[in-house]
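Please read the structure below before turning to the comments.
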Amino acid sequence: MDMHVAVIQFPGSNCDQDAYHAFASVLKTPAKLVWHKDKTLGDARAVIVPGGFSFGDYLRCGAIARFSPAMQAVKEFAANGGKVMGICNGFQILCESGLLPGALIRNNCLEFRCQEQWLKVEDSTAHFNKETLGQRVNIPIAHGEGNYRIDEAGLAELEKNKQILFRYEENPNGSLCDIAGIRNKAGNVFGMMPHPERAVEPFHPSQHGVALLKAFLAE
Amino acid sequence: MNIRVFVNYKKNVLDPQGEAVGRAMQSLNFPAHPHVRVGKTIEFTVDGQDTPEFRKTLDKLCNDLLSNPVIEDYRYEISQ
Amino acid sequence: MNIRVFVNYKKNVLDPQGEAVGRAMQSLNFPAHPHVRVGKTIEFTVDGQDTPEFRKTLDKLCNDLLSNPVIEDYRYEISQ
Amino acid sequence: MSAPLPPNPAKELNVAITPELIKSHGFQPDEYDLIKDILGREPTMTELGVFSVMWSEHCSYKNSRLLLRGFPMEKKDPNALGKVLVRAGEENAGVIDIGDNWAICFKIESHNHPSAVEPFEGAATGVGGIIRDIFTMGARPALLTNSLRFGDIRTSAQSRRLLRGVVAGISHYGNCIGIPNVGGDIYFDKSYEGNPLVNALCLGTLRHDQIKRGAATGIGNPVYYVGAATGRDGLGGAAFASKELSETSSEDRPAVQKGDPFMEKLLLEACLELMEVPGLVVGIQDMGAAGLTCSTAETASRGSSGIQIELDLVPQRETGMNSYEIMLSESQERMLVIVTKGREKEIEDIFAKWDLHAVQIGEVVEGDEMIVTHHGVPVVKIPAKRLADDAPLCMQEAKEPATIAQMRDWKPESLQPADEALLQKALPALLNHPTIAQKRWIWQQYDHMVIAGTVLSPGSDAGVARLRLGDKEKYVAIANDCNNSYCKADPYKGAAIAVIECLQNLACSGARALGLTDNLNFGNPYKPESFYYLKEAIKGLAEACTFYDIPVTGGNVSLYNESPELAIDPTPTVSIAGLIEKPEHVTTQWAGRGQSLVLLGDWPNELGQSMYLQELHDLKTGAVPAFEFGKIQKLIDLTLELITQGKVKAAHDISEGGLLSSVAEMLFGHNETIGATLDLSQAPASIRKDALLYGEGPGRIIVATTDADAVLSAARAKGVPAAKIGETSAQGSELKISGTALSWDAAALRKGWEDAIPSLMNA
Ligand SMILES: Nc1ncnc2c1ncn2[C@@H]1O[C@H](COP(=O)(O)OP(=O)(O)O)[C@@H](O)[C@H]1O
Ligand SMILES: [Mg+2]
Numbered sequence: 001m002d003m004h005v006a007v008i009q010f011p012g013s014n015c016d017q018d019a020y021h022a023f024a025s026v027l028k029t030p031a032k033l034v035w036h037k038d039k040t041l042g043d044a045r046a047v048i049v050p051g052g053f054s055f056g057d058y059l060r061c062g063a064i065a066r067f068s069p070a071m072q073a074v075k076e077f078a079a080n081g082g083k084v085m086g087i088c089n090g091f092q093i094l095c096e097s098g099l100l101p102g103a104l105i106r107n108n109c110l111e112f113r114c115q116e117q118w119l120k121v122e123d124s125t126a127h128f129n130k131e132t133l134g135q136r137v138n139i140p141i142a143h144g145e146g147n148y149r150i151d152e153a154g155l156a157e158l159e160k161n162k163q164i165l166f167r168y169e170e171n172p173n174g175s176l177c178d179i180a181g182i183r184n185k186a187g188n189v190f191g192m193m194p195h196p197e198r199a200v201e202p203f204h205p206s207q208h209g210v211a212l213l214k215a216f217l218a219e
Numbered sequence: 001m002n003i004r005v006f007v008n009y010k011k012n013v014l015d016p017q018g019e020a021v022g023r024a025m026q027s028l029n030f031p032a033h034p035h036v037r038v039g040k041t042i043e044f045t046v047d048g049q050d051t052p053e054f055r056k057t058l059d060k061l062c063n064d065l066l067s068n069p070v071i072e073d074y075r076y077e078i079s080q
Numbered sequence: 001m002n003i004r005v006f007v008n009y010k011k012n013v014l015d016p017q018g019e020a021v022g023r024a025m026q027s028l029n030f031p032a033h034p035h036v037r038v039g040k041t042i043e044f045t046v047d048g049q050d051t052p053e054f055r056k057t058l059d060k061l062c063n064d065l066l067s068n069p070v071i072e073d074y075r076y077e078i079s080q
Numbered sequence: 001m002s003a004p005l006p007p008n009p010a011k012e013l014n015v016a017i018t019p020e021l022i023k024s025h026g027f028q029p030d031e032y033d034l035i036k037d038i039l040g041r042e043p044t045m046t047e048l049g050v051f052s053v054m055w056s057e058h059c060s061y062k063n064s065r066l067l068l069r070g071f072p073m074e075k076k077d078p079n080a081l082g083k084v085l086v087r088a089g090e091e092n093a094g095v096i097d098i099g100d101n102w103a104i105c106f107k108i109e110s111h112n113h114p115s116a117v118e119p120f121e122g123a124a125t126g127v128g129g130i131i132r133d134i135f136t137m138g139a140r141p142a143l144l145t146n147s148l149r150f151g152d153i154r155t156s157a158q159s160r161r162l163l164r165g166v167v168a169g170i171s172h173y174g175n176c177i178g179i180p181n182v183g184g185d186i187y188f189d190k191s192y193e194g195n196p197l198v199n200a201l202c203l204g205t206l207r208h209d210q211i212k213r214g215a216a217t218g219i220g221n222p223v224y225y226v227g228a229a230t231g232r233d234g235l236g237g238a239a240f241a242s243k244e245l246s247e248t249s250s251e252d253r254p255a256v257q258k259g260d261p262f263m264e265k266l267l268l269e270a271c272l273e274l275m276e277v278p279g280l281v282v283g284i285q286d287m288g289a290a291g292l293t294c295s296t297a298e299t300a301s302r303g304s305s306g307i308q309i310e311l312d313l314v315p316q317r318e319t320g321m322n323s324y325e326i327m328l329s330e331s332q333e334r335m336l337v338i339v340t341k342g343r344e345k346e347i348e349d350i351f352a353k354w355d356l357h358a359v360q361i362g363e364v365v366e367g368d369e370m371i372v373t374h375h376g377v378p379v380v381k382i383p384a385k386r387l388a389d390d391a392p393l394c395m396q397e398a399k400e401p402a403t404i405a406q407m408r409d410w411k412p413e414s415l416q417p418a419d420e421a422l423l424q425k426a427l428p429a430l431l432n433h434p435t436i437a438q439k440r441w442i443w444q445q446y447d448h449m450v451i452a453g454t455v456l457s458p459g460s461d462a463g464v465a466r467l468r469l470g471d472k473e474k475y476v477a478i479a480n481d482c483n484n485s486y487c488k489a490d491p492y493k494g495a496a497i498a499v500i501e502c503l504q505n506l507a508c509s510g511a512r513a514l515g516l517t518d519n520l521n522f523g524n525p526y527k528p529e530s531f532y533y534l535k536e537a538i539k540g541l542a543e544a545c546t547f548y549d550i551p552v553t554g555g556n557v558s559l560y561n562e563s564p565e566l567a568i569d570p571t572p573t574v575s576i577a578g579l580i581e582k583p584e585h586v587t588t589q590w591a592g593r594g595q596s597l598v599l600l601g602d603w604p605n606e607l608g609q610s611m612y613l614q615e616l617h618d619l620k621t622g623a624v625p626a627f628e629f630g631k632i633q634k635l636i637d638l639t640l641e642l643i644t645q646g647k648v649k650a651a652h653d654i655s656e657g658g659l660l661s662s663v664a665e666m667l668f669g670h671n672e673t674i675g676a677t678l679d680l681s682q683a684p685a686s687i688r689k690d691a692l693l694y695g696e697g698p699g700r701i702i703v704a705t706t707d708a709d710a711v712l713s714a715a716r717a718k719g720v721p722a723a724k725i726g727e728t729s730a731q732g733s734e735l736k737i738s739g740t741a742l743s744w745d746a747a748a749l750r751k752g753w754e755d756a757i758p759s760l761m762n763a
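Chains as they are written, first to last, in the numbering used here: chain A, 1 to 219; chain B, 1 to 80; chain C, 1 to 80; chain D, 1 to 763.
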C-alpha cells in the first residue's frame, strides 16, 4: 500500500474534503480521510488537521477536538517525528493539544474575515523558506479566531528557533507580531491560519499553496 | 451539587471582546473605566459529595477542557 | 466600585454550546449531568457610589449593550 | 358525526373552542366550518393549532397560491438542457437537470419577521432552514446567497444594528456548516425601516438517482425523528397570545428560535450518508415552521397513507410540554425520516456515528389519517390529505394605488437640465450611496471560498462556483436582484426587470440561465393596494419567465411586512441559476488597460425611479424604464456569443447609478484602479445629459474588448444597437468625458465607494 497523507475528519470539519482534493487531485499524492474516532492513522506519511468548526468550535476553538481518539494517534505520530500540519481550525486544535505553543483568540475586529491574504515568508526550515516559496505568498484566510497569542518568553523562543513560518503583510486579526503560522521546535509540526488548500487551482486567488504543501511533504 | 466555573483571560492576555465592550460603554457615556474583561461561566450539576477527590477531578476538567491554561485562569464555586 | 455582570440564556432558550460541553464532559467520563449552561461575565470598575440612579443607568447598559433581552437574562454584583 | 376524541392528558388543553380562540388562530368563521366538515366533529385544541399552522399563510400560501399558478413550471421543450425534474411545490425544493445525470436543487426562503425581532438568530436560522430544504432532497449544498433589504443606514441607527446582526447571523451559520456564500444583493431604503428583509438561498447538487421524496409510504414502515430535541421555541406567536394554552408563562417561551449550526452540519452529513444507502430511506422531510405538524401531515399526504406518532417518544428539551406545544414547536435542526421496515439498525448506526440519536416515534399506517397520541391518548386524528391540501385559497380584492399613476405621469422636463457642476458631483454621490457602494463589509464576513470551488467571489455581476460532480466538473452561476423603487412604481414592470437584470448579470458572467426561484416580500394582502402589488408583480415574473423560457422551480411568499405606519416597497426578489459551459467563459466586470468600451443596447435616456433622482433631487418618482423582452433576448444572446468567442474581456450591465457608475465599477479592478476616456458624442443630442450619464434601465451592457470592430459588427449582425463609448487608459486613473470638463480620479471614486459602508458600520 502507498504511503498516504491522512486528513483527520472531526464532526464539524468543513475543509477536510478541500485538503483531501488538494493532495489527491492537484498534487496527485495519495490521501485518505481518517475519522476522528479511529485510533490509528494507518500507513500515513504525513497528517493534515483540516479547517472547519470541529465540535462547533464551542467553548474554545479546538478545545473538544483535542480529545478525539485520532488526536491521540496524531500525538504519537508527531512524537515519533511524523509530519503534521494544522490549517485554521487544525492550527487551533494543535495549539489546544499542546503540539504547538501559544493560543488563538478572537480576531481583534471581532468579526469573521474571509479574504485573500498576502504573507511574508520567513526562513524557517530547509523547505519552508524564501528560496522555495518566494518572498511573499497569497493564501486566503477565513476565520473568526486567528489572533495568535503567546507570552514573551514563548515569543522569544519562537524567534530564536526560527519557528515562525509566515507573517501577515497587513495584519487582519491582531495577531502578535503578525504571526500567521508557526512550527514546533523539532520542525515536524506546522500550524497556520491561512488555507493553502484554497490556493492550488487556476481559479483560486493564487496557486502558491502547491509549493507550500509540497514543502510540507518534502523530506 | 451545583457547580459554577468561571473562566477568564489571564491578566496580561489581551481581551479583544472586553476592549470592544469598553469602547462601546464609552460611546454610550457610561462612566466605567475602559478596561473591561469578558469571561465565561459554565454551570452544571453533579450527584455526590464535595470531597478532595472530587475537587481533583474537577480541577482536571477545568484544566483540560473548560479552560486553556496557556491564556486563561479559572475558579469555581460549589453549592448544594 | 467593581461590577460584575452575569449574562445567561433565558431558561428555555437552547444553549448549543452548553450541550456540546455536556457531551464532551460525558465522553471524558466526568460525572456531571449533561445539562450544562454556558454564560458570560463582564467585569469593569466605575468611580462613584452605588445609588439608585446608578443602578438605573447600569440596568439600561445591561439591557441595551451587555445582554440581548430577547433571549438572555442578566444580573449583577457590585462590590467596593 | 364522528365520535369526539377523549380528553387530552394535559388538562389546560381541554377547553371549549370559543370564537375568540378561532379568531386568534387566524380563522374566518367559514374556514372553521370547513374544519368541522373535514373532521365530522369539533376539533380538539391541539387540532385547532395543527390546522392553524397548516393553513397559515406561510404553509398554505392561502393568498398567493392562485396567483402563482401563472408561473411556467417546465421548459417549453421538455428535452432541452435544464429539464425540470422536480417541479415547484411538489417537494421541499425544485430540481433541474444539468446534464450527465447530474442536477441542481435550489430555493430561496425568507426569515423577515424573526430577523426583525432578533437579527442574529433570525438570520442564522433562516440560513439553517433553507439548507435543510436542500439536503432533504438528497442534494449536497454547494453555495449560498442572500437578498437583504434595510432602512437607510446613513440615518438610522436601528437599521445599522439590524444589518450588523443579520450579517453576523448569516456568517455564523453558513461559515460553520461550510457552504460558501458567493453573492447576494442588498438595497437600503426608508420603506424597510423596522421591516428588514432577509431572504436566503441555497443551491445543492445531486445525481438524478439521488432525488429523495418527502413521502410516507409502505404500511408498517417506521417513522424516525432525528436531530435536536424539541423545546418551546417559536411559541411566542399569535396563537399563543391566549396564555391559557400553556402552563409556561410567555416570558419563558422564546419568540425566536435559536439555531445550532453544528447540529445542522451533523444532520446534513448523517442524512446524506443515510440517503446513499440503496433502498433504506422511503421518505424524508425537514421540520421547518410548525415542524412536527407539517412534516407528518405532508409526508402522509404525499404518500397517500396514514401516519401515527406518539409524542412521548419525541425527544424533548423541556419538561411538561403538552401536545399543542410539541406539535407547534419551531425548534430548529430536526428531521423526519421514514425508512424501510426491518432496516432500523442501519439508520441508527449511521446516526450513532455522527453522535446523533435517531428515535422511532411512529409508523406509516393504513388509511389516510394523521394520528397523534400523547401518553397513549389520541389527541389529533385528521385526514392528512385534506389537512395538507385543502386549505382555503383566496383571491383578495386588488386596487391600483394612486401613487402609481402619479409617478408614471411625472415629467422629466419638470427638472432643470443639469449643469456640469451637478453632473460632476453626482458620480461620487451615487457611488457612495450604500445601495451602490461596495458590499465587501458584508461578504468579507462570509466564508465565500470554502469547498475551494469559488470561481467568482462576491463583487462581480454573478457568483460562480465550480461543482465537483464525481469525475466531472461543471460551472454554475447565480445572480440575485430586485429594485424596490421600480416595483413600487410599477410592480409588473419592476418584477419583470428583476428577472431581466438577473439574466443580464448571468450573461455578463458567461452563464446561460437555467431556472428561477423567487421570494415575494409584500405587505398585508387584505389591503387592496398591497394585493395589487402582489398580483401585478407575480404577473410580471410569470410573463418574463415565460418569454425567456425559464421555469420557476420554487420560492417563498412573505406577506404582512409592514408596521402600523409603513408597508415595505413591494419586493419580489429573484434569483436565477445558470450554467457556464467552459471555465474560460467565466467573465468579470473588471476591464483591463488599453481596452475599448462598447455599449450594447440603446443609449440611456430615462430618469424615472433612478438613484440619481433620489439622491441628487430627493425625488422617488417617475415612470419605470421601458423595455422590450425580445430586444433584451438579443442583447443577452449577443453578449454570450461574444464571450464564448473570446471577444470580450469584461462585461457589466447598467443598473443602479447609470452608465457612469457602471463604467466606474469596471475600472475598480482586482489589482489596480484604471482610468478611461469616454466619448459619448455619438449619443443623440436630444438626450438630456443627466439621463445619458445617470439614467437607469434594463437592456444595456458595457463590454470591454481589444477588438471593438468585431464587437460592433457582431452587434450589427444580431440587430443590437452598439456604440464605442471610449477607451480605458494605458496609465493613470483619470476618468474623463471628452468634449466636456467632466473628470474624476477613479482612485478617489473607488475610495469613497469602498469606504461608504464600513465608515457607517464601524463608526
Ligand atoms: N447581501 C450580500 N451578500 C453577499 N454579496 C453581496 C450582497 N449584496 C451584494 N453583494 C455582492 O456585491 C456585488 C455588487 O452587488 P450589486 O451592487 O447588487 O451589483 P449589481 O447591480 O451588478 O447586481 C455582487 O457581486 C453581489 O453578489
Ligand atoms: Mg444590483
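Note that CB positions come from ideal geometry on N, CA and C, so glycine has one too.
Compare the C-beta of residue i against all C-beta atoms of chain B and say whether one is closer than 8 Å.
{"i": "A:GLY90", "result": "no"}
How big is the Cα-Cα spacing for residue i and residue j?
{"i": "D:LEU516", "j": "D:GLY622", "result": "29 Å"}
{"i": "C:SER27", "j": "D:ARG164", "result": "37 Å"}
{"i": "B:GLU53", "j": "B:THR45", "result": "17 Å"}
{"i": "D:LEU144", "j": "A:HIS143", "result": "18 Å"}
{"i": "D:THR340", "j": "D:THR299", "result": "15 Å"}
{"i": "B:ASP59", "j": "B:THR51", "result": "12 Å"}
One question on the structure: do residue i and residue j come within less than 8 Å of each other, judged by their Cβ atoms?
{"i": "D:GLY94", "j": "D:VAL84", "result": "yes"}
{"i": "D:GLN285", "j": "D:GLY214", "result": "yes"}
{"i": "D:VAL167", "j": "D:ILE442", "result": "yes"}
{"i": "B:ARG37", "j": "B:ASP15", "result": "yes"}
{"i": "D:GLU330", "j": "D:ALA289", "result": "yes"}
Measure from the C-beta of residue i to each C-beta in chain A and report whether the shortest distance is under 8 Å.
{"i": "B:VAL13", "result": "yes"}
{"i": "C:GLN49", "result": "no"}
{"i": "D:SER171", "result": "yes"}
Does residue i have its Cβ less than 8 Å from a Cβ in chain C?
{"i": "B:PRO52", "result": "no"}
{"i": "A:LEU59", "result": "yes"}
Where does residue i sit, in a helix, a strand or coil, going by DSSP?
{"i": "C:THR41", "result": "strand"}
{"i": "A:PHE67", "result": "helix"}
{"i": "D:THR46", "result": "helix"}
Is there contact here, the region 97-107 of chain A with the region 187-197 of chain A, by at least three beta-carbon pairs under 8 Å?
-> yes
Taking three-plus beta-carbon pairs below 8 Å as touching, is the region 182-201 of chain D in contact with the region 468-484 of chain D?
-> When Cβ pairs closer than 8 Å are counted between the two stretches, the region 182-201 of chain D is seen to touch the region 468-484 of chain D, the count reaching three or more.
Three or more C-beta pairs below 8 Å linking the region 58-76 of chain A and the region 35-43 of chain A | yes
Is it a yes or a no for the region 681-693 of chain D touching the region 586-605 of chain D, going by three-plus beta-carbon pairs under 8 Å?
-> Using a C-beta cut-off of 8 Å, the region 681-693 of chain D makes contact with the region 586-605 of chain D, since at least three inter-stretch Cβ pairs fall below that distance.
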